[in-house]
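Residue numbers (this note's numbering): 56 to 413. Cβ atoms here follow ideal geometry from the backbone N, Cα and C, with glycine treated the same way. Quick notes on the structure that follows.
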């Protein structure tokens with residue numbers, strides 16, 4: 056009986072071994088595949104994302120925008136069939152080919168428009184990025200209009216001297232340096248609101264707030280001016296909303312279940328009243344989170360997205376107005392007007408933490 060039993064066990068043990076061997080073989084193939092996808096994934100995913108069509112402007116030919124500047128009625132919303140040129144609430148989305156720069160420049164010169172540009176250059180950001188930011192802004196930002204650059208910094212003595220055009224100026228605003236870049240990012244909302252109250256509202260009709268680690272490479276002109284201006288994030292404008300990284304913590308004041316677009320906090324602007332309201336609203340949300348001992352997923356950007364969901368912008372800038380080379384080729388980007396600068400030091404930035412290395 057023992058001999059017969061031993062013969063019976065052999066095929067049963069082999070039958071048990073074969074599935075295990077097959078599983079091991081599957082894992083042996085699966086692991087290299089996962090590593091390969093992880094290696095090439097971001098580039099390939101971004102390429103295929105670019106093939107996802109955007110929504111279209113819901114207006115019919117002949118209908119006019121409900122929001123925007125008066126000269127926005129000169130926009131050719133149907134000149135770009137490959138992108139979304141207006142929103143369902145009647146705000147234009149600005150793309151190359153839709154507008155005549157001369158129309159906007161002439162109208163704003165007649166109106167006597169002037170622009171404040173706020174930029175934070177704290178710590179090593181000052182030396183690494185501010186000189187080229189200012190030099191490139193002089194070539195491309197609001198050509199022909201009066202502009203004052205308000206440089207918020209912890210080292211006023213290191214702000215570079217830049218050759219400025221007529222009716223252009225630099226003013227330095229001292230701010231304390233915070234230990235974490237996240238805190239700098241959040242506290243800028245309070246600093247901008249204070250500067251608008253003390254300085255800007257008495258001098259300028261419009262304000263733009265930009266990150267310093269960027270370089271102007273093309274016209275960023277008066278067509279971008281509006282009552283409330285937001286920017287489509289270069290990494291998200293083709294993605295389904297399911298993949299927007301809104302704050303998902305119900306304890307945060309920035310919590311969102313859905314939204315219209317994913318906006319980038321590297322560029323926002325509008326009338327001084329509108330920007331004052333936005334920065335104050337975001338600051339109040341940030342302070343509410345601090346009181347509840349929470350921090351929004353992407354700090355001030357999460358609060359900005361929440362604010363713009365509740366208070367729709369009157370104009371949206373396409374990713375031309377803040378492009379990231381890491382996205383790769385996109386046929387709908389005809390001109391890059393402002394680009395993320397190359398990183399000059401090793402640090403975990405917003406893009407790195409999202410897996411988007413720039």
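DSSP assignment within the stretch 344-389 yields the following whole beta strand (DSSP E) runs of 3 residues or more, N-terminal first: 370-372. Taking residue 304 as the centre and dropping the five residues before and after it, the same chain places the C-beta of 310, 349, 351, 352 closer than 8 Å to its C-beta, in chain order. Within the same chain, Cβ atoms closer than 6 Å to the Cβ of residue 132 are found at 112, 140, 141, the five residues on either side in sequence being excluded. DSSP places residue 283 inside the beta strand (DSSP E), whose first and last residues are 283-286.
Beyond the five residues adjoining it in sequence on each side, residue 362 comes within less than 7 Å, by CB distance, of 333, 336, 337 in the same chain, given in chain order. The shortest CA-to-CA distance from residue 372 to any of 395, 259, 318, 360 is the one to 318.
Using a Cβ-Cβ distance cut-off of 8 Å, the stretch 191-210 and the stretch 159-178 are in contact, since at least three pairs of beta carbons, one from each stretch, lie closer than that value.
Within the same chain, and ignoring the five residues on either side of residue 281 in sequence, the residues whose Cβ sits closer than 7 Å to its Cβ are 123, 124, 325, 369, 370. By the neighbour-count definition (other C-beta atoms within 10 Å, threshold 16), residue 327 is a buried residue.
Here residue 112 carries a coil assignment [DSSP, helix/strand/coil].
Selection 378, 331, 307, 360 evaluated against residue 253 yields 331 as nearest (Cα-Cα). When DSSP states are grouped into helix, strand and coil, residue 252 belongs to the helix group. Secondary structure of residue 147 (DSSP, three-state): strand. Taken through DSSP and simplified to helix, strand or coil, residue 314 comes out as coil. Annotation: the continuous alpha helix (DSSP H) that includes residue 181 extends over 179-195. For residue 376, same chain residues with a beta-carbon under 8 Å away, outside a window of 5 residues either side, are 149, 275, 279, 286, 322, 392, 393 in chain order. Comparing C-alpha distances from residue 269 to each of 397, 104, 383, 116 shows the shortest one belongs to 397.
In this structure residue 145 is in contact with residue 120, their Cβ atoms being roughly 5 Å apart against a cut-off of 8 Å. Looking from the CA of residue 183, the closest CA among 231, 215, 117 belongs to 215.
Excluding sequence positions up to five before and after residue 220, its CB lies within less than 8 Å of the CB of 193, all in the same chain and listed in chain order. A distance of 8 Å or more separates the beta carbons of residue 191 and residue 103. Distance from the CA of residue 357 to the CA of residue 226, rounded to the nearest whole angstrom, comes to 29 Å. Note that the C-beta distance between residue 224 and residue 181 is not below 8 Å. Excluding the 5 residues flanking it on each side, residue 308 has same chain C-beta neighbours closer than 6 Å at 340, 343, 344, in chain order. Separation of residue 172 and residue 143 (C-alpha to C-alpha, rounded to the nearest whole angstrom) is 29 Å. Beta-bridge partners assigned by DSSP to residue 324: 263, 284. DSSP, read as helix, strand or coil, puts residue 274 in coil. In the DSSP assignment, residue 158 falls within the alpha helix (DSSP H) that extends over 156-166.
Approximately 7 Å separates the beta-carbon atoms of residue 129 and residue 155; this is inside 8 Å, confirming the contact. Only buried fits residue 293, as 16 or more other CB atoms lie within 10 angstroms of its CB. According to the DSSP secondary-structure assignment, residue 224 is paired through a beta bridge with 203.
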